[in-house]
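Single-structure report; data block below.
In this note's numbering, the protein residues as written are 927 to 1590.
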């Protein structure tokens, strides 16, 4: 550890905290809250709270805001600490960074081509979840961001004393707005509000964090002296449970799932629209100063003919700026997709791949005139954003408890075969025999829209929403069908039968077990072995099957040590099962912010996995209570994404080149 750098960081924390505390005290004085002022010391080091005091609402808000300010100060100090560490010891000094990963691979004897091979395998999916303790309003998150930026401004020694006073005044204005707004929702957030919070991060924070993380990867690669043309960027996509997770969430209805899929698509299209408009403002190249490649002229003509009158009008706006012309035409086609209900017969982009093809035309034409830097700085980030967020923003997982599915099946059978005993009384062998026989036919139990009972109707209504959405827009917006408390093969086969009832193809979406208790973790490899060998199971084209491991419930069941040890053993056993069945498992880790939920630094969490168990595919939950802690600050967000991606790559190296890589 660099003790001098650490000492500077602690000094900075106390200096910044003292400054913000005094700003807050001044605001409270101006608002006439003199008693509240006494809760905060002038130097920010100690708050005066008598042991026997019963805090009222205002006192709680003061202390809550104080703690949030401390978090902002600590985040800023952590960013500055990492910068000083890089200056003093190089990029590889950042634990878990790309640079450190490359250095470790180099010391283990891996070549540039082998490192590239590992990077090509990496596919990471953070999944954002809701949580009742994460109740911050978006307006408060924006205020946090503004205060943070003002705090950074004060670090610029070029500002005069009067300019610094103005910045301090701005911070006090922000603190007053914060005080008058309130820290949290006064009522429990609805699913819609939780969804809005998640969409905010997905559309406003993660695109910028991804761009920063990609730049960090490129810089680390170049510092190794490697060929930039051989750099492969890992795949990063996002998932969400908000609006799809109905395990213990009675307010997550089929209507909520339907509106969530629509809202996420709308936000994704708006994100792309904003990015294309940004490109229009930057690509003002004149055809009088630049030779126009034939491919661009041909594609402009094709696009004008495709879009008709609206295309002609768009092309006339920038007659001497062909790259702007083409982008403006792309925007017309994208706008048609955004407004398809208002103009159903207009040409649209049917998929992200269609838009990516047009971006390739732009890239090819720019490279032809030697504008390589423009491609790297402007076109590549747009391609990456589209590959990560698509037209769906995040894949919505559909999760339900196995017991709920059992009740649903019992209601269906009661309405269809009233002479049969109740489904939940059947043993495992009888269930498997019955479900296996049913899966040999596409015949449903009832006519479309038939009501079977409350649980059955809720499950089938949700599945029908998924079917309609995927038929209209494609399956990209849907993640997996996750079965909480998976205990046996029948829990998984039952979802196939329910899919059939709703008209969903079991080949389109994966059914994913969630092994939670200690006993279920111990039996996980046997359950998956029977599932993979069942005639109804169809291997995906990429040969990857998702398996989810639960940290919270395994901890409740056996304690932290038993939970971690049995998850470790389950990963080892499941990895062997996957190899024997000629496929790879994508482990979906249900971790959270606290130790009891498996939380901690990403690179340390990843290094705790069994060597060789990570095949490049990685999925994990980002619990609602930790989203703002890890990703509200964009620099912290990019740092955490880098730790996640580089840590996944490091672990994947153990399975890709086991003879060359060793843990330490």
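All C-beta atoms, glycine included, are put in the ideal place defined by N, C-alpha and C.
From the DSSP output, in three-state form, read off residue i for me.
i            : result
residue 1051 : strand
residue 1546 : strand
residue 1178 : coil
residue 941  : helix
residue 966  : strand
residue 1153 : coil
residue 1466 : coil
residue 1211 : coil
residue 1274 : coil
residue 1368 : coil
residue 927  : The predicted position of residue 927 is uncertain, since its pLDDT is 48 and thus under 50; a value taken from the coordinates is nonetheless stated next. Residue 927 falls in the coil class under three-state DSSP.
residue 936  : helix
residue 1540 : coil
residue 1527 : coil
residue 1044 : helix
residue 1074 : helix
residue 1218 : coil
residue 1335 : helix
residue 1133 : helix
residue 1097 : helix
residue 1063 : coil
residue 1593 : In the structure as shown, the chain starts at 927 and stops at 1590, and residue 1593 therefore has no counterpart that could be examined.
In the DSSP output, what is residue i paired with across the bridge?
i            : result
residue 1325 : 1171 and 1408
residue 1516 : 1476
residue 1471 : 1511
residue 1166 : 1054 and 1322
residue 1439 : 1409
residue 1161 : 1049
residue 954  : In DSSP, residue 954 forms no bridge with anything.
State the start and end residues of the unbroken alpha helix (DSSP H) segment that holds residue i.
i            : result
residue 993  : 983-1015
residue 1573 : 1560-1582
residue 1600 : Nothing about residue 1600 can be reported from this structure: the residues present for the chain run from 927 to 1590 only.
residue 1388 : 1380-1399
residue 1252 : 1248-1264
residue 1356 : 1354-1364
residue 1084 : That residue, residue 1084, is in no alpha helix (DSSP H); it is neither H nor E in DSSP.
residue 1503 : 1486-1506
residue 1451 : 1444-1458
residue 1309 : 1306-1315
residue 1020 : Unbroken run through residue 1020: none, as it is neither H nor E.
residue 1237 : 1235-1241
residue 1415 : 1415-1428
residue 1125 : 1117-1126
Beta carbon of residue i: closer than 7 Å to some heavy atom of the ligand NAP?
i            : result
residue 1423 : By its list of ligands, the structure shown contains no ligand whatsoever, and the ligand NAP lies outside what it can speak to.
Note down the Cα distance separating residue i from residue j, rounded to an integer number of angstroms.
i            : j            : result
residue 1570 : residue 1068 : 25 Å
residue 1204 : residue 1307 : 12 Å
residue 1530 : residue 1576 : 11 Å
residue 1357 : residue 1135 : 48 Å
residue 1147 : residue 1036 : 14 Å
residue 951  : residue 999  : 17 Å
residue 1075 : residue 1300 : 28 Å
residue 1007 : residue 1129 : 28 Å
residue 940  : residue 1071 : 20 Å
residue 1463 : residue 1553 : 35 Å
residue 1104 : residue 1121 : 22 Å
residue 954  : residue 1478 : 41 Å
residue 942  : residue 1082 : 14 Å
residue 1556 : residue 1579 : 26 Å
residue 1192 : residue 1383 : 28 Å
residue 1510 : residue 1425 : 24 Å
residue 1227 : residue 1315 : 29 Å
residue 1506 : residue 1456 : 12 Å
residue 1348 : residue 1333 : 9 Å
residue 1056 : residue 1392 : 20 Å
residue 1080 : residue 1562 : 19 Å
Q: Evaluate contact between the region 1322-1329 and the region 1399-1407, counting only Cβ atoms and requiring at least three cross-stretch pairs below 8 Å.
A: yes
(Q) With a threshold of 8 Å, are at least 3 pairs of Cβ atoms found where one atom belongs to the region 1340-1347 and the other to the region 1243-1256? (A) no
Q) Should the region 1497-1510 be regarded as contacting the region 1534-1551, the criterion being three or more beta carbon pairs within less than 8 Å? A) yes
Q | the region 1437-1446 in contact with the region 1195-1210 per 3-pair CB rule at 8 Å | A | no
Q. Would you call the region 1348-1366 and the region 1223-1241 touching, i.e. three or more CB-CB distances under 8 Å?
A. no
(Q) Quick test of the definition: if touching needs 3 or more C-beta pairs under 8 Å, does the region 1162-1171 touch the region 1089-1108? (A) no
Q.
Whether or not the region 1149-1161 and the region 1084-1097 are in contact is what I'm after, with contact meaning three or more pairs of Cβ atoms, one per stretch, closer than 8 Å; do they touch?
A. no
(Q) Using 8 Å as the cut-off, can you tell me whether the region 1155-1163 makes contact with the region 1288-1305, which would need three or more C-beta pairs spanning the two stretches below that distance? (A) no
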